[in-house]
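Data first, discussion second: the structure below is written as structure tokens.
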Amino acid sequence: MTLQATSPSHTHSPVEPFSRAQACYQISAAKHANGGALVSDASELILASLASHHHGLECNGASGLNTFYGDGVVVRTVADVAGELFAVEVVDLHLQDRWEAYFMQLPDNSFRTGWARQCAGSCSEPADWLEAVAHFSLGEPVEPHLQPDFLAIAGAFSSAAGIQVATTDAPARAALAVEARMLRETTAKQAAQLRVLKSGLLDASVRQDSGPTPTAYVRLDQVGEWAAENADRIIVLPRVISECKKALYDNPGLFYQSLELLAVTYRDVRMNNQPRERLIEHATELGLSIGGSVEPSRATEEYFFRWDGRRCFLDQHLGRGNSRDPRHCLRLYFYWAESVQMVILGAGPTHLGNSMS
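So the mapping is simple: my numbering equals the position in the sequence shown, first residue as 1, plus 599.
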């Protein structure tokens, strides 16, 4: 039996070439318990997954730029205070693997996530990223003009100019924004015309003692109709309309009187058409208190919303009753939008909690 010598070139496995892969997705908060906290929740999930997979690694979601070390692994993170952005970069020296991922909330309140990876052999989604997104609902893939990488996000985070997001659907999104503004203006004009028409019908009904009369708003779940009719005087966010469909507050009459106060008296005072004393007088007549809501540092995510590309805070509230019983306690949380000279009603009629409650 003859033994053949093996060539030294065959005694070692060939070195696998490095490969790269990346992906970006819309991410839905619809199935998440608290859509506004999606980014912060995702960051907690991905960091917990990393800590469980790497010995000696202790990392947290502290705001700012952070670096954490474990056994053969380096993790860097970027997180903002408002919870609208989180990015992570992971370098695993043992596996010759480098990957990064991000979660962010866009100006239109939608959410986006993505990952990129460089490693020996074939690339697939990072396991820790998969662990996090398993708790959410991924939408269709998105193709950005330029996939944001960790260094770009960190640089933009440190820049006063902020983070800009560019995607292939940017023209369509811009067109939709213009269309939305035009629709808002048209809706406001139609609301004013509808109110005049209903007023005319009421006058005719009184004179003739017959004929149709305007709809009386006697139920909280009618607030959507009321909002449409008064869109030229006040903006009611969809989440208020949704809340009113399940609210237990037992005085719809006072609820609608409060809306009128915000749509007319409060607006007139802010536009210097009436003295502030008239606002206090009107609120007192209805048994309402009006003033600031809570300190921003104590506010939960429910106090914030997006308007014209900015994160806004419901800094004012109108209310009646000290009971936390939702049947007897009225709270309307609102914000004065200087750009449109109107109140934006962002929460109500139930009481919002805060970090101290």
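Where a beta carbon is used, it is the ideal one built from N, C-alpha and C, also for glycine.
- The alpha helix (DSSP H) runs of length 4 or more contained entirely in the segment 806-892 are, from start to end of the chain, 822-828, 837-843, 851-859, 866-869 and 875-884.
- Going by DSSP, L664 is part of the beta strand (DSSP E) stretching over G663 to G669.
- Segment contact: the segment 836-843 against the segment 935-949, three or more CB-CB distances shorter than 8 Å; contact assigned.
- Taking C-beta separations shorter than 7 Å and ignoring five residues to either side along the sequence, the partners of G671 in its chain run D691, L692 and H693, following chain order.
- A straight-line Cα-Cα distance of about 25 Å links H881 and S938.
- For the pair of segments examined, the segment 708-720 was found not to touch the segment 648-658: the number of CB pairs separated by less than 8 Å stays below three.
- By the criterion of a C-beta distance shorter than 6 Å, L860 is surrounded in its chain by H881, once the five residues flanking it on both sides are discounted.
- In the three-state reduction of the DSSP assignment, A731 falls in the helix class.
- DSSP places H916 inside the beta strand (DSSP E), whose first and last residues are Q915 to R919.
- Taking 8 Å as the upper bound for CB-CB distance, I752 and Y701 are in contact here, some 6 Å apart.
- Contact annotation, I833 with V942: C-beta distance approximately 5 Å; criterion of less than 8 Å satisfied.
- When DSSP states are grouped into helix, strand and coil, R909 belongs to the strand group.
- Cβ atoms of F667 and L656 come within 8 Å of each other, at about 6 Å.
- The C-beta distance from V863 to L878 rounds to 10 Å, too long to meet the 8 Å contact threshold.
- In the DSSP assignment, L656 falls outside any alpha helix (DSSP H) and carries neither an H nor an E.
- For S618, DSSP records a beta bridge to C718.
- A distance of 9 Å or more separates the beta carbons of A622 and E739.
- Scanning its chain for C-beta atoms nearer than 6 Å, with the 5 sequence neighbours on each side dropped, one finds around M703 the residues L684 and R711, in chain order.
- By the CB criterion at 9 Å, L951 and F854 fall outside the cutoff.
- Boundaries of the beta strand (DSSP E) harbouring G738: S736 to P740, taken from the DSSP string.
- The residue from T899, R909, E900 and G890 with its alpha-carbon nearest to that of H916 is G890.
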